[in-house]
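Remarks on the structure that follows.
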Amino acid sequence: MSNLEIQSINLWLSKIHHNKDTSKSQRANKAKTILQLKYQKIGNGRQRIVYDLNNGYVLKVALTKKGIQCNKKEFKIYNHCRADLRKHLCPVKEVGHF
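Mind the numbering: the sequence shown is residues 8 to 105 in my numbering, read in order.
Spelled out as structure tokens, the structure:
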């Protein structure tokens, strides 16, 4: 990811607390507008928006504070579960604020 893309993610994350009373679609639209990522959006839920990075990976950007917690939890589960379970999960390479 480029520095500009990382900066846009940080800008969006700095505005998360302003969006707690908006609908799921309003949050996703506002995030997409601020992020301006060149990647294809492949979905979103209440907490996160997901982009295809076109390299076998996806980027999950939090739409809410709970979305940040969800990303951290996925990272922790993947990196701390038993190997026989991990083989059934998608790899989580990194998490956090850029």
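C-beta atoms are modelled at their ideal positions from N, C-alpha and C, and glycine is treated no differently.
Item: Reference Leu44, options His24, Lys27, Leu18, His25, closest by Cα; Value: Leu18
Item: Extent of the continuous beta strand (DSSP E) run through Ile56; Value: 55-59
Item: Opposing strand residues paired with Lys48 [DSSP bridges]; Value: Tyr58
Item: Which of helix, strand or coil DSSP assigns to Leu92; Value: helix
Item: Nonlocal neighbours in the same chain, by C-beta distance under 8 Å from Tyr46, ignoring five residues either side; Value: Tyr58, Asp59, Leu60, Asn61, Leu66
Item: Through-space distance from Ile75 to His137, alpha-carbon basis; Value: With the chain running from 8 to 105 in the structure shown, residue 137 is simply not present.
Item: Glu81 and Val68 closer than 9 Å at C-beta; Value: no
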